[in-house]
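This note's numbering applies: residue 20 is where the sequence shown begins, and numbers increase by one. Written out below as structure tokens is the structure these notes cover.
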Amino acid sequence: MYRCPKCRDTGWEEVEGEDKRYSFMRECSCGLLDRHKLKMQGKLKFAAIPKEFENLTVDSFRTDCYSTPYYRELAQMAKEIAKRYVAQFQEIRETGKGLYFYSSVKGSGKTRLAVSIANDLIRKMVQVKFATTLQILDQIKATYGEKKRTDDEIGGSEQKLIQDIISVPVLVVDDIGVENVSSWVNERFYNILNGRMIEKRITIFTSNCSVEDLKLDERIVNRILKMALPIEFPAESIRILCAEKENGDLLDRLIGK
Ligand SMILES: Nc1ncnc2c1ncn2[C@@H]1O[C@H](COP(=O)(O)OP(=O)(O)OP(=O)(O)O)[C@@H](O)[C@H]1O
Ligand SMILES: [Mg+2]
Ligand SMILES: [Zn+2]
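This is the structure we're talking about:
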């Protein structure tokens, strides 16, 4: 039984043309598509993906820009893993396993690929949130500045924020390892990541160092190893290489080689 028999809950209805020789599809008046779009917009807004990476998908991640065969191989491997991760997300989700993209070089495409996975998952109606580690820490600190009377109230809103971060189904934690580590930072990260691990929530990390080299508390490092599969990225900045390649391609097109 369909809720909307006109479009059979697809959002599209078939309409016959005037002379009945042809038919075409149009958005059904039940508004299913509009509701779907609204829901997607809500998810996109919640995700807070930086403008630079809006709408970028795993498919358009380039592997031809890196300069050596080995780097291209690493990039192809990372891209293939990302692709399969998205395709098999419903099953992988049960395992709670995320990914950890790392490379010592800045601009190698780690955030680009992590965000592309996020964008692809949002299209599958998964709730995703993007945040750098510094944003997470700043948000926590901001709860201290709110006007409250008692210590309990202060602790309460910090706890609530941390609980909110724990409960996001897929969290992209960008640039872990850049923060100055203190016992305060360790405690917050521990609470967030331990909570997410216990609840088997998916976390996708990007970092400039391998998991083992993170300066965070050992308990956190252990948990990250448990929560995510480390994927090495090329030690090469693609920012400039990609721009040069694009300019070259454009020049070829313009002068008709
Ligand atoms: N493989 C790629 N295909 C297309 N564009 C890319 C690729 N890799 C990187 N870029 C572009 O290069 C820029 C830098 O990439 P990105 O921010 O992902 O690097 P990063 O590894 O996260 O760097 P950092 O360590 O500084 O955070 C971005 O504008 C991104 O869109
Ligand atoms: Mg980055
Ligand atoms: Zn309908």
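All residues carry an ideal CB built from backbone N, CA and C; glycine is no exception.
Any non-hydrogen atom of ligand 1 closer than 8 Å to residue i Cβ
{"i": "Ala67", "result": "no"}
{"i": "Cys228", "result": "no"}
{"i": "Ile257", "result": "yes"}
{"i": "Ser127", "result": "yes"}
{"i": "Cys87", "result": "Sequence inspection shows Thr at residue 87; the Cys mentioned does not correspond to that position. No - ligand 1 has no heavy atom lying nearer than 8 Å to the Cβ of Thr87."}
{"i": "Thr114", "result": "no"}
{"i": "Thr76", "result": "no"}
{"i": "Arg81", "result": "yes"}
{"i": "Glu71", "result": "yes"}
Residue i beta carbon near ligand 3 (any heavy atom closer than 8 Å)
{"i": "Gly267", "result": "no"}
{"i": "Glu32", "result": "yes"}
{"i": "Leu51", "result": "yes"}
Helix, strand or coil at residue i [DSSP, three-state]
{"i": "Pro253", "result": "coil"}
{"i": "Ser42", "result": "strand"}
{"i": "Lys33", "result": "A small fix is needed here, since residue 33 is Glu in this sequence, not Lys. The answer is strand: DSSP assigns Glu33 an E or B state."}
{"i": "Lys62", "result": "helix"}
{"i": "Thr152", "result": "helix"}
{"i": "Phe13", "result": "A question about residue 13 goes unanswered here, because the residues of the chain that appear run from 20 up to 276."}
{"i": "Gly275", "result": "coil"}
{"i": "Leu248", "result": "strand"}
{"i": "Ile68", "result": "coil"}
{"i": "Leu93", "result": "helix"}
{"i": "Leu57", "result": "helix"}
{"i": "Gly117", "result": "strand"}
{"i": "Asp192", "result": "Here residue 192 is Val; the residue named in the question, Asp, does not match the sequence. Val192 falls in the strand class under three-state DSSP."}
{"i": "Val187", "result": "coil"}
{"i": "Val147", "result": "strand"}
{"i": "Ser226", "result": "strand"}
Check: residue i C-beta below 8 Å from any heavy atom of ligand 2
{"i": "Lys25", "result": "no"}
{"i": "Lys160", "result": "no"}
{"i": "Ile194", "result": "In the sequence as displayed, the identity of residue 194 is Asp instead of Ile. Yes; taking the cut-off as 8 Å, the Cβ of Asp194 has a heavy atom of ligand 2 nearer than that."}
{"i": "Thr225", "result": "yes"}
{"i": "Thr152", "result": "no"}
{"i": "Thr130", "result": "yes"}
Test: residue i CB closer than 9 Å to a CB of chain B
{"i": "Tyr85", "result": "Note that chain B does not occur in the displayed structure, where there is just one protein chain."}
CB-CB length for residue i against residue j, believed under 8 Å
{"i": "Leu190", "j": "Lys148", "result": "5 Å"}
{"i": "Thr151", "j": "Asp194", "result": "5 Å"}
{"i": "Cys84", "j": "Leu51", "result": "Not a contact, Cβ separation roughly 40 Å."}
{"i": "Cys47", "j": "Ser123", "result": "Not quite, the Cβ-Cβ distance comes to about 52 Å (not below 8 Å), so this is no contact."}
Beta-carbon proximity of residue i to residue j, cut-off 9 Å
{"i": "Glu35", "j": "Met44", "result": "no"}
{"i": "Cys49", "j": "Gly30", "result": "yes"}
{"i": "Leu132", "j": "Val187", "result": "no"}
{"i": "Ala247", "j": "Lys116", "result": "yes"}
{"i": "Leu63", "j": "Ser135", "result": "no"}
{"i": "Met59", "j": "Ile141", "result": "yes"}
{"i": "Leu118", "j": "Phe224", "result": "yes"}
{"i": "Gln146", "j": "Phe80", "result": "no"}
{"i": "Leu153", "j": "Arg207", "result": "no"}
{"i": "Ile185", "j": "Glu218", "result": "yes"}
{"i": "Ser226", "j": "Phe120", "result": "yes"}
Contact test: residue i Cβ vs ligand 4 heavy atom, cutoff 8 Å
{"i": "Asp232", "result": "You won't find ligand 4 in this model; what it holds is ligand 1, ligand 2 and ligand 3."}
Next on the checklist: Measuring CB atoms only, is the stretch 199 to 206 touching the stretch 94 to 104, in the sense that at least three cross pairs come out at less than 8 Å?
Outcome noted: no
Checklist entry - Are there three or more Cβ pairs, one per stretch, closer than 8 Å when the stretch 254 to 266 is compared with the stretch 120 to 134? => result yes
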